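Colleague: Sharing a structure, written as structure tokens. Questions coming.
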Amino acid sequence: TEQRQITAKYYPPDFDPAKIPKLKLPKDRQYVVRLMAPFNMRCKTCGEYIYKGKKFNARKETVQNEVYLGLPIFRFYIKCTRCLAEITFKTDPENTDYTMEHGATRNFQAEKLLEEEEKRMQKEREEEELNNPMKVLENRTKDSKLEMEVLENLQELKELNQRQANVDFEAMLKQYKEYEEEQKRKEQEEDEQEMKAMLEQAQNRRLLVDSDSDEESAKSCTKPVAKIKPTDILQEPPSKKLKTESWERSVGKLNTKSQLAGLVTVRKQKPDPWGRTALVVAPFLICFPQPPAPGYWQGLFSQTMLEELPVIQGLGARCP
1 TEQRQITAKY YPPDFDPAKI PKLKLPKDRQ YVVRLMAPFN MRCKTCGEYI YKGKKFNARK
61 ETVQNEVYLG LPIFRFYIKC TRCLAEITFK TDPENTDYTM EHGATRNFQA EKLLEEEEKR
121 MQKEREEEEL NNPMKVLENR TKDSKLEMEV LENLQELKEL NQRQANVDFE AMLKQYKEYE
181 EEQKRKEQEE DEQEMKAMLE QAQNRRLLVD SDSDEESAKS CTKPVAKIKP TDILQEPPSK
241 KLKTESWERS VGKLNTKSQL AGLVTVRKQK PDPWGRTALV VAPFLICFPQ PPAPGYWQGL
301 FSQTMLEELP VIQGLGARCP
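Going by the UniProt record's numbering, the sequence shown opens with residue 1, and the numbers climb by one from there.
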């Protein structure tokens, strides 16, 4: 046997649908519906953020005395997820959106506010042009000027894009590389010139130093050898020589003969009434009781004064 679902209903001959009693329910009755938050909002009571798409068990009712082109407007009641404060919002069929009514503030509605401002300005303009033909002419002139400016700007942008499209970036990179290589080559040449100049200066200094040392060596070679004179007996005994050597080790020996030569000066003075001759050795003064023998000065400068100056200083006496 075939199992068939019976969809047909039996209506008796005396059936009258007008006789069916109707339920008398209030027009503003509420229904419990399941919905999602239509936009991002923030609770005014606790500051909780409720994001778009969050699900709620809401109560729905029809708003009385509010209709848009025969379409009813509905109101929804939800509760905050944190403080359970009541939040209400309505449908907006004119803008195909929802409007916040109570309990919260809508976030991220800058675009909506901009659209509302544009609509308001358009409406005001239409009201002004309704009874003022001169205003219509002014608005048309402004619109034409604005359109021309927009077209000019668009043309400039197109030309700029064409210029950028015609730029050969490979040639620019090649030119930049050549410029960098030229700069490096110039820097290397400058460095080489500086090195050459420094080497030349160093060579000139060496030549000058070598010439000065040759002259000094020639002078020292041509200097006569000191001869043994009878005045050599004035030298100090070996005990004082030992003291001199220890003094040289502790303090240091004077440098070269050329530097010591500046310390010896012979000052011409008037003859001493007692027949004594004085020799000035800076910063000491050596006095002799009797005039020295011939050749005494040559021997004194070469041996005693230049080599054993401390001995002479020890024997020197200041003239009265």
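All residues carry an ideal CB built from backbone N, CA and C; glycine is no exception. Everything numeric in this text was worked out from a predicted model, so none of it was measured.
#1: Whole angstroms are fine: how far does the CA of L151 sit from the CA of R59?
#2: Determine contact between the stretch 70-88 and the stretch 39-50, defined as no fewer than three beta-carbon pairs at a distance below 8 Å.
#3: In whole angstroms, what is the alpha-carbon distance linking E66 and I73?
#4: Anyone know if the C-beta pair for N139 and E147 falls short of 9 Å?
#5: Can you say whether R206 is buried or exposed, counting buried as having 16 or more other CB atoms within 10 angstroms of its CB?
#6: According to DSSP, is F39 helix, strand or coil?
#7: Measuring alpha carbon to alpha carbon, tell me which of M172, N57, I50 ends up nearest N107.
#8: How would you call T105, buried or exposed, if buried means at least 16 neighbouring beta carbons within 10 angstroms?
#9: Could you give the C-beta distance for K90 and R75, rounded to a whole number, given that I count them as a contact under 8 Å?
#10: Below 9 Å between beta carbons: does that hold for L71 and P38?
#11: With A110 as the anchor, note down where its alpha helix (DSSP H) starts and where it stops.
#12: Does DSSP put A202 in a helix, in a strand, or in coil?
#13: Looking at the strands, I want to know which residues DSSP matches up with L71.
Modeller: The structure says:
#1: 53 Å
#2: yes
#3: Roughly 6 Å separates the two Cα atoms.
#4: no
#5: exposed
#6: F39 falls in the coil class under three-state DSSP.
#7: I50
#8: exposed
#9: 5 Å
#10: No.
#11: 110-130
#12: helix
#13: Y68
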